[in-house]
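Trainee: The following block contains the structure, expressed as structure tokens.
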Amino acid sequence: MSPRPPAYNAVPTRTTLARPTPLPHAAVSPSAAKQKVDWPQPVRDYVGRAFDPKNAIEGISVTDMQAKLKDVLQYFAERSMLEQLAWETYPLPQHLLQAERRAMSTRPLIATGPDFAGHAQLPHAYSAGAFTNNSSSSAQSAKKRKSTDTVEDVQPTPAEQTIQPSRKTNGASIQDRITYVSGHNDKRHKKNASTSKSNQLDLEKEKRRQRFQTDKIMPSGSSSRNDSDSEMMPVGPVVGTNTDLEKSYFRLTAPPKPETVRPLYILEKTLGFLKDKWRKENNYNYICNQFKSLRQDLTVQHIKNAFTVRVYELHARIALEKGDLGEYNQCQTQLRALYMLKLSGGHPEEFLAYRILYFVYTCNKTDMNDLLAELTPADKAQPAVRHALDVRSALALGNYHKFFRLYLAAPNMGMYLMDMFIERERLHALANISKAYMSVTLRFLTDELGFDSDGDCVDFLASHGAQDLIEEKVNDRDEPQHRVRVKQGVGLFESLRATAFSKVDIKGQI
Amino acid sequence: MQAALEPFLTAHTNEDAWAVASLLSPIAPPSDPGRLYDFYRASNEHMIENDIRTALIYSRASRLEPSEGSAWSEIFVNYWKVVGQILRAEEATNQGRSRDRQWVDVFDAWKTLTNSLLKHLERGNIRSWTMICMYHAAKDLRKFAIKADEQLATAKGNVTFNSGFQDDVVTSIPRNEMLEEAARVLNRMFRMCLSDRNPDMRESRKWGTYFMASLLFKTYFKLKAISLSQSVVRSIEAMSDLPSFELYPKAHRVTYKYYVGVLAFLQEDYTKAEAYLTEAWEICYVGAKKNQQLILTYLIPCRLITKHAIPTPALLSPFPLLQSIFAPLVSCIKRGDLSGFDAALVAGENQFVKRRIYLTLERGRDIAQRNLLRKVFLAGGYEELKEGQTEADRIRKTRIPLANFGAALRMGMGMDGDGSGQALEDDEVECIVANMIYKVSAQRGAYKLSPFATLTHPPQSSQMSSVAVCLAQLRLP
Chain P
1 MSPRPPAYNA VPTRTTLARP TPLPHAAVSP SAAKQKVDWP QPVRDYVGRA
51 FDPKNAIEGI SVTDMQAKLK DVLQYFAERS MLEQLAWETY PLPQHLLQAE
101 RRAMSTRPLI ATGPDFAGHA QLPHAYSAGA FTNNSSSSAQ SAKKRKSTDT
151 VEDVQPTPAE QTIQPSRKTN GASIQDRITY VSGHNDKRHK KNASTSKSNQ
201 LDLEKEKRRQ RFQTDKIMPS GSSSRNDSDS EMMPVGPVVG TNTDLEKSYF
251 RLTAPPKPET VRPLYILEKT LGFLKDKWRK ENNYNYICNQ FKSLRQDLTV
301 QHIKNAFTVR VYELHARIAL EKGDLGEYNQ CQTQLRALYM LKLSGGHPEE
351 FLAYRILYFV YTCNKTDMND LLAELTPADK AQPAVRHALD VRSALALGNY
401 HKFFRLYLAA PNMGMYLMDM FIERERLHAL ANISKAYMSV TLRFLTDELG
451 FDSDGDCVDF LASHGAQDLI EEKVNDRDEP QHRVRVKQGV GLFESLRATA
501 FSKVDIKGQI
Chain D
1 MQAALEPFLT AHTNEDAWAV ASLLSPIAPP SDPGRLYDFY RASNEHMIEN
51 DIRTALIYSR ASRLEPSEGS AWSEIFVNYW KVVGQILRAE EATNQGRSRD
101 RQWVDVFDAW KTLTNSLLKH LERGNIRSWT MICMYHAAKD LRKFAIKADE
151 QLATAKGNVT FNSGFQDDVV TSIPRNEMLE EAARVLNRMF RMCLSDRNPD
201 MRESRKWGTY FMASLLFKTY FKLKAISLSQ SVVRSIEAMS DLPSFELYPK
251 AHRVTYKYYV GVLAFLQEDY TKAEAYLTEA WEICYVGAKK NQQLILTYLI
301 PCRLITKHAI PTPALLSPFP LLQSIFAPLV SCIKRGDLSG FDAALVAGEN
351 QFVKRRIYLT LERGRDIAQR NLLRKVFLAG GYEELKEGQT EADRIRKTRI
401 PLANFGAALR MGMGMDGDGS GQALEDDEVE CIVANMIYKV SAQRGAYKLS
451 PFATLTHPPQ SSQMSSVAVC LAQLRLP
């Protein structure tokens, strides 16, 4: 075998992971080749055709061709697939070699490793089955790949390419290289090198597929395989090949195609990219959509690691900031399970605190009780959790003074969550105060109800139809002073309080 | 096999449901510990169907109707299979080699048995007095489901991750698949009982309604699917032609009342909860200490909220567990000892949370607080007598400096907070008193509120930041 270019070094490692096949070096080893096999007639014909001088291709020596032929036969013999294969249409070894060499020189979009060129014809069920490998190991190796990856990231590394589980265009691309001049490949290569859009890729592939529907050399089994593709591989994780940083979210209704899924190292870039974009543009609709597709890509590839946690945490925080409780809740649920895996990193205590605050918001006593039952002393020692528990108990005891102090001192993004019920609690406190006091100073209300300024307090009162209760008076020391005649608002505040507590909008309950 | 089924035929002829049920039990009777084993060894996989049909249908000793006979045959064949599974599972457990799914297999087999009982009852192939057997089978179904879930949990861990193509990683967290499965079967039994249309009350399956409902509650509680219990209650309440509740066995009534009471308790409908739990308490068999204890666990916090009533030592004395968890709280409430109350609540937190009464008991702090403030009021003494007034006319001071309340509230807290880690600001004192006024006024029906119960803000003079709270009417519990 000719020495491999360094870019292909990764192939053997991935092979063992993806397919339980012996390395091709082993295949050509003499002991294996010596094995007595009863060759079926189509295979014999195939060999005959391979040696037929009129099929010879310039530049490919007979020795090379012979080695390749052995390789191919060995591969299928080991899997007892000699009978199933359509040898009449299977590309001859010299064609395979030619394709390989061209692939090395141009490194086209869907490069096929030399050892796999012949294997594209495998019945699909086989290759799909090979992908039911452990997800964590695939995630891990994906990660590893990132750290050792020296190739320009935008372009898929060969290792990436060889492991695509659904290589519908695989066989075709070989044919492509045989039938079409290399200039065509170069063009495609250029297109790929610049960050191409996924739909463009799809279009390209679709075109190519159509071309080969009419192609005479097209293996007969291929077209049917294309159709059955989607049903064949719903089990294992997908390994993505898409290299776009951005991708719009679509709800999946069928197993995703690898070419639309981004692998981990791209997703990591995406996260950085999205963070920047969020900081600069603050466009929630866009960012939410992007995060959903990011989460989807992680899911279909069964990636569950510290990075997954980071993605969910970030999305949860952004959703909180924008008050999107539905999305926040989804993330929270996922995070809860992810924390159970005890992955490294993440902020379980922060999100535990959020969960407590969330139950305070929904007034869900049953869930709150369940949550309290789960808390360990170690959890309770965490400042954020402590704070959330204090909030809960302050409200349970009606200690609004303490509650609003805690509101102003909320750690992390607790304040965003507390904003969800701050108005309700302000009304509650007001109803309370109106029962106990005749009139109070505006400043007292501002302080007690945790407003930033007197102005905010006035706005709040005005928005609830209580502006008439504010009056300007002169105090004992002859200073002008705003007072609120709360006593006169008893009925108003009481009814406001009642309505505020009657409607708790529960979205996507945890 | 003929010999093994002899007792069944006798019991069936005598309509002795309990005897029949014991013959379908997954546990051998103490008098005959080898019964399951012998029964299983009496036949084999190929012969069992014929063996049992011979014994039940074709035997001269059998007086079963043909349809009845074949129904019982099917049931006993299923029973024979489940016995095999049980023996295998027990053997494996004894030898310390448990596979992942032994108890799941037992559960599946038992489910088949239960379903065949259900099916034949539903079709009227077997007599309705055999519902007793269904009760027993249903109870055991639940037990096997729990056992199977335990085994699955140790084998698989707690989190199920998504393997399909959904948007997110996790599909569900802690699951009890087998118990959920069991709940569905139990629910079908319940529906069958509830919707029986047999006009002959002696043969009606409606008599099983409350038993099955209670078993369902028990299962749903374990599954933490409390809302599903509500729908059971609703469907019973919507059913107009159930026999009068008093005619049901006492055991069914107590359990049902208890669960509906607890459900109301969890919904924070304490009035309803109190009513149901009190009824359950009254008809509960006095010897059933454990059941009484369960009822009191919820009834006591309930009455704390509705009536501000605390249990007497005499009530608690027969129940050491209740005494240990409630007594400290009760004495603190009585004394108005806030820090003691907090400490007792923390000490019992695990127990309370487990029983879902923590959040309710927490509200008892209000009562402790009120008792404390009332003590301040009492300690305030009387207004000075004006001219011409006698001892009989004297009235208590109605204006109490806020600082007095503050001092009382700070007791046991440590002056500047290093005691329990929290300082009490003056504003907070005010807040607590305001809150007290609010809560008392909300219960105007029970307590008359003095018109003076008003705080002034800011205090007119710092020396006498006075507040008049009429706590006099608040009686100590």
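First to last, the sequence lines map onto chains P and D. Just so you know, we're using full-length UniProt numbering here: the first sequence kicks off at 1 and counts up by one. Just so you know, we're using full-length UniProt numbering here: the second sequence kicks off at 1 and counts up by one. Even for Gly, the Cβ is constructed at its ideal location relative to N, Cα and C.
Between Glu122(D), Ala71(D), Arg123(D) and Ala183(D), which has its C-alpha nearest Lys111(D)'s C-alpha?
Mentor: Of the listed residues, the one whose Cα sits closest to Lys111(D) is Ala183(D).
Trainee: Output the boundary residues of the beta strand (DSSP E) element that contains Arg483(P).
Mentor: Note, Arg483(P): beta strand (DSSP E), Pro480 to Val484.
Trainee: Using a Cβ-Cβ distance cut-off of 7 Å, determine whether Tyr438(D) contacts chain P.
Mentor: It does; some Cβ of chain P falls within 7 Å.
Trainee: Hey, Leu469(P) and Arg485(P) are a contact pair by Cβ (cut 8 Å); roughly how many whole angstroms apart?
Mentor: Going by Cβ atoms, the distance from Leu469(P) to Arg485(P) rounds to 5 Å, so yes, they are a contact pair.
Trainee: So within the stretch 98 to 150 of chain D, which uninterrupted alpha helix (DSSP H) runs reach at least 4 residues, ignoring any that extend past its ends?
Mentor: Taking only runs of at least 4 residues, the alpha helix (DSSP H) segments lying wholly in the stretch 98 to 150 of chain D are 102 to 123.
Trainee: Could you run through the stretch 417 to 446 of chain P and flag, in chain order, every residue whose CB is less than 8 Å away from some CB of chain D?
Mentor: So the list reads Ala431, Asn432, Ile433, Lys435, Ala436, Tyr437, Met438, Ser439, Val440, Thr441 and Phe444, given in the order they occur along the chain.
Trainee: What span of residues does the beta strand (DSSP E) with Lys473(P) cover, start to end?
Mentor: Segment Ile470 to Val474, the beta strand (DSSP E) holding Lys473(P).
Trainee: Locate the alpha helix (DSSP H) running through residue 510(D), then write down its first and last residues.
Mentor: There is no way to answer for residue 510(D), as the model of chain D reaches only from 1 to 477.
Trainee: Any idea what DSSP makes of Thr308(P), helix, strand or coil?
Mentor: DSSP places Thr308(P) in helix when its eight states are reduced to three.
Trainee: If you measure from the beta carbon of Ala314(D) to each beta carbon in chain P, is any gap under 7 Å?
Mentor: Cβ-Cβ to chain P under 7 Å: no for Ala314(D).
Trainee: Does the distance from the C-beta atom of Cys331(P) to that of Tyr312(P) stay below 7 Å?
Mentor: Yes. Within cutoff.
Trainee: Show which residues of chain D have a CB atom less than 8 Å away from the CB atom of Lys365(P).
Mentor: Those within 8 Å of Lys365(P) in chain D are Leu266, Glu268 and Leu359.
Trainee: List, in chain order, every chain P residue whose beta-carbon is nearer than 8 Å to that of Ile48(D).
Mentor: Correct list: empty, because the minimum Cβ distance to chain P is about 38 Å.
Trainee: How should Asn94(D) be labelled, buried or exposed, when 16 other C-beta atoms within 10 angstroms of its C-beta is the threshold for buried?
Mentor: Its Cβ having fewer than 16 others within 10 Å, Asn94(D) is exposed.
Trainee: Determine which residues of the stretch 364 to 395 of chain P have a Cβ less than 8 Å from any Cβ of chain D, and write them out in chain order.
Mentor: Of all residues in the stretch 364 to 395 of chain P, Lys365, Thr366, Met368, Asn369, Asp370, Leu372, Ala373 and Ser393 have a Cβ within less than 8 Å of some Cβ in chain D.
Trainee: Tyr37(D): buried (16+ other C-beta within 10 angstroms of its C-beta) or exposed?
Mentor: By the 10 Å Cβ count, Tyr37(D) comes out exposed.
Trainee: Does the CB of Cys332(D) have a neighbour CB from chain P at under 7 Å?
Mentor: No - not a single Cβ of chain P is within 7 Å of the one on Cys332(D).
Trainee: Pull up the distance between the alpha-carbon of Thr312(D) and that of Asn187(D), whole angstroms please.
Mentor: Straight-line Cα distance between these residues: approximately 40 Å.
Trainee: On the three-state DSSP scale, how would you describe Ile395(D)?
Mentor: Coil.
Trainee: Tell me, please, whether the CB atom of Asn404(D) is closer than 7 Å to any CB atom in chain P?
Mentor: Asn404(D) does not count as touching chain P.
Trainee: Is the beta carbon of His401(P) closer than 7 Å to that of Arg497(P)?
Mentor: No, these two residues do not count as a Cβ contact at 7 Å.
Trainee: Can you pull the chain D neighbours of Lys402(P), defined as C-beta to C-beta under 8 Å?
Mentor: Residues of chain D passing the Cβ test: Glu428 and Cys431.
Trainee: Since Gly489(P) contacts Ala466(P) with CB under 8 Å, what's their CB separation in whole angstroms?
Mentor: So it is a contact: roughly 5 Å between Cβ atoms.
Trainee: With a cut-off of 7 Å, does the C-beta of Glu274(D) fall near any C-beta of chain P?
Mentor: Not closer than 7 Å to any Cβ of chain P, the Cβ of Glu274(D) fails to qualify, so no.
Trainee: Have a look at Glu425(P) and Ile357(D) and give me their C-alpha separation to the nearest angstrom.
Mentor: Glu425(P) and Ile357(D): Cα-Cα distance of roughly 24 Å.
Trainee: For Tyr46(P), report the span of its alpha helix (DSSP H) as first-last.
Mentor: Looking at the DSSP string, the run of the alpha helix (DSSP H) that includes Tyr46(P) is Gln41 to Phe51.
Trainee: Is the beta carbon of Pro42(P) less than 7 Å from the beta carbon of Trp87(P)?
Mentor: Contact flag set, yes.
Trainee: By the criterion of Cβ-Cβ separation under 9 Å, what are the contact partners of Lys222(D) in chain P?
Mentor: Chain P residues near Lys222(D): none, gap ~13 Å exceeds 9 Å.
Trainee: Using C-beta distances below 7 Å, list every residue in its chain close to Val55(D), excluding the 5 sequence neighbours before and after it, in chain order.
Mentor: The residue asked about is misnamed: residue 55(D) is Ala in this sequence, not Val. The answer, listed in chain order, is Met1, Gln2 and Leu5.
Trainee: Chain D partners of Leu397(P), CB-CB under 9 Å?
Mentor: What Leu397(P) touches in chain D: Glu362, Arg363, Arg365, Asp366, Gln369, Ile432 and Asn435.
Trainee: With 7 Å as the threshold, decide whether the Cβ of Arg355(D) is near any Cβ in chain P.
Mentor: It does not: the Cβ of Arg355(D) has no partner Cβ on chain P nearer than 7 Å.
Trainee: If you drop the 5 nearest sequence neighbours on each side, which residues of the same chain put their C-beta closer than 8 Å to that of Ser204(D)?
Mentor: Closer than 8 Å at the Cβ level, and outside the excluded window around Ser204(D), lie Ser128, Asp196, Asn198 and Pro243.
Trainee: Any heavy atom of the ligand PLP closer than 6 Å to the CB of Phe107(D)?
Mentor: What this structure holds is no ligand at all, so the ligand PLP is not there to describe.
Trainee: Assign Thr306(D) to one of three DSSP states: helix, strand, or coil.
Mentor: Reduced to three states, the DSSP call for Thr306(D) is helix.
Trainee: So which residues of chain D does Glu448(P) contact, with C-beta pairs closer than 8 Å?
Mentor: Residues of chain D passing the Cβ test: Asp427 and Cys431.
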